Amino acid sequence: MKIVFAGTPAFALPSLAALHAAGHDIAAVLTQPDAPQGRKGVLTPPPVKEFAIKAGIPVLQPVRLRDEGEILRAVGAELMVTCAYGQLLTQEILDAFPLGVWNVHASLLPAYRGAAPIARCIIDGAEKTGVTIMKTDIGMDTGDVFLVEECAVTDEDTCGTLTEKLAQSGARLIVDALGRIARGEIMLTKQGAGTVCKKVARTEVDFTRSAREVSALVRGLSPAPLAFGRIGALTLNFYHAQAVPCADDAPCGTVLCDQPKEGLLVKCGDGAVKIMQLQPAGGKIMSARDFLNGRKVQKGQCFEKPVL
Numbered sequence: 001m002k003i004v005f006a007g008t009p010a011f012a013l014p015s016l017a018a019l020h021a022a023g024h025d026i027a028a029v030l031t032q033p034d035a036p037q038g039r040k041g042v043l044t045p046p047p048v049k050e051f052a053i054k055a056g057i058p059v060l061q062p063v064r065l066r067d068e069g070e071i072l073r074a075v076g077a078e079l080m081v082t083c084a085y086g087q088l089l090t091q092e093i094l095d096a097f098p099l100g101v102w103n104v105h106a107s108l109l110p111a112y113r114g115a116a117p118i119a120r121c122i123i124d125g126a127e128k129t130g131v132t133i134m135k136t137d138i139g140m141d142t143g144d145v146f147l148v149e150e151c152a153v154t155d156e157d158t159c160g161t162l163t164e165k166l167a168q169s170g171a172r173l174i175v176d177a178l179g180r181i182a183r184g185e186i187m188l189t190k191q192g193a194g195t196v197c198k199k200v201a202r203t204e205v206d207f208t209r210s211a212r213e214v215s216a217l218v219r220g221l222s223p224a225p226l227a228f229g230r231i232g233a234l235t236l237n238f239y240h241a242q243a244v245p246c247a248d249d250a251p252c253g254t255v256l257c258d259q260p261k262e263g264l265l266v267k268c269g270d271g272a273v274k275i276m277q278l279q280p281a282g283g284k285i286m287s288a289r290d291f292l293n294g295r296k297v298q299k300g301q302c303f304e305k306p307v308l
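The sequence shown begins at 1 in my numbering and counts up by one.
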């Protein structure tokens, strides 16, 4: 089957690689323009572009996809697959593909339409999520559902680890979906009322929240854009945290334990969180144990309240 693949971040890479390995004729890859990365702002190609170049697949990087309908029609592809591409599709773009446009979305639609569905499901404390293959329409992730695969969300999952699991699930599912489409085995289900999630941003932790909420926030924003806290002269970025029971009546945000073997334990509104991995601003990512060996934080100190 001759297809166009549209995707940008690492989440899209397994789907592109799986379709390529399955023998589909990928006529072109659509991806976002190269963007500056890191402190030095080095112009960096998206992961999908790097794979496409190595595989000898033509790459298109329009700033505004809506202006490229004629170019896409000229490719002559039967179908387009989108996976975290990053631009909305117009009706003209949808009409350019006789067998439709099919999207790999990282949630159990109609829940978590829009941006950051993986981060949001962790932050919300969801016990399961998954991947949905849907036939794209003009709305925001409102198209008819084709295939679904569920995935458990554990207390150890960060946005990073869950993204990896869902990316592999999406790759399996989209190969299955295109096989069914080729055989004419298409059964679609209309979506009901759904929820839309917004993009996530770097967030200061409010330790008056419950330990489960704080842990979920930390894990949902890891490895980016990150949750953080301020204590003394330090700003600490948090990469992983566990909720633990705690009967201590210290003020919220108080460091209850500063022993390297025990970890960095911080009082919350209900329970406490054990910070497992962190990064001093401007420093390197490290375990709480390594951080506490430097005695940069001591028992009894208190994290500042967020600035509203």
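Every residue gets a Cβ at the ideal spot worked out from N, C-alpha and C, and that includes glycine. All figures in this text were calculated on a predicted structure; none of them were measured in a lab.
Contact between Ala182 and Ile133 is ruled out by a C-beta separation of about 14 Å, above the 8 Å threshold. Comparing alpha carbon positions, the residue from Phe146, Thr208 and Val200 closest to Gln191 is Phe146. Classified as exposed, Leu43 has fewer than 16 neighbouring CB atoms from the shown chains inside 10 Å of its CB.
Within the model, the alpha-carbon separation for Arg39 versus Thr90 is close to 35 Å. The C-alpha of Pro47 is placed about 10 Å away from the C-alpha of Gln32. Sequence-distant Cβ neighbours of Gly143 in its own chain, meaning closer than 6 Å and more than five residues away, are Met134, Lys135, Thr136 and Asp137. In this structure, DSSP gives Glu164 a helical state, which the three-state scheme calls helix. Here DSSP, grouped into helix, strand and coil, assigns Gly179 to helix. Shown here for Glu78: same chain residues with a beta carbon closer than 8 Å to its own, the five before and five after excluded, namely Met1, Lys2, Ile3, Phe97, Pro98 and Leu99 in chain order.
In the same chain as Ala52, and ignoring 5 residues on each side of it, the C-beta atoms closer than 7 Å to its own belong to Val29 and Val59, in chain order. With 16 or more other Cβ atoms inside 10 Å of its own Cβ, Glu213 counts as buried. With contacts defined as CB atoms closer than 8 Å, Arg219 and Ala241 qualify as a contacting pair. Judged by their CB atoms, Val244 and Gly253 are not nearer to each other than the 8 Å cut-off.
If you look at Phe238, you'll find it in the beta strand (DSSP E) that goes Leu234 to Val244. A distance of 8 Å or more separates the beta carbons of Thr195 and Tyr85. If you compare the alpha carbons of Asp270, Phe291, Phe207 and Asp248 with that of Leu234, the shortest gap goes to Phe291.
For Gly7, the enclosing beta strand (DSSP E) has its first and last residue at Lys2 to Gly7. C-alpha of Ile123 to C-alpha of Ala74: approximately 43 Å in a straight line.
One thing to note: Asp141 has its Cβ within 8 Å of the Cβ of Leu109. Secondary structure of Ser15 (DSSP, three-state): helix.
For the 8 Å CB-CB criterion, Leu173 and Glu149 form a contact. For the options Val205, Gln277, Asn237 and Cys83, the alpha carbon positioned closest to that of Pro260 is the one of Gln277. Annotated as proximal: Cys257 and Lys299, with beta-carbon spacing under 8 Å. Comparing C-alpha distances from Ser215 to each of Gly271, Arg289, Arg64 and His24 shows the shortest one belongs to Gly271. Per DSSP, the beta bridge partners of Phe228 are Glu204 and Asn237.
Take the alpha-carbon of Asp206 and the one of Lys305: they are about 6 Å apart.
Residue environment: Asn103 is assigned as buried (16 or more neighbouring CB atoms within 10 Å of its CB, all protein chains considered).
His105 is bridged by DSSP to Thr132. For Phe146, the three-state secondary structure derived from DSSP is strand.
Shown here for Leu162: same chain residues with a beta carbon closer than 6 Å to its own, the five before and five after excluded, namely Ile118 in chain order. A distance of 8 Å or more separates the beta carbons of Lys128 and Ala106.
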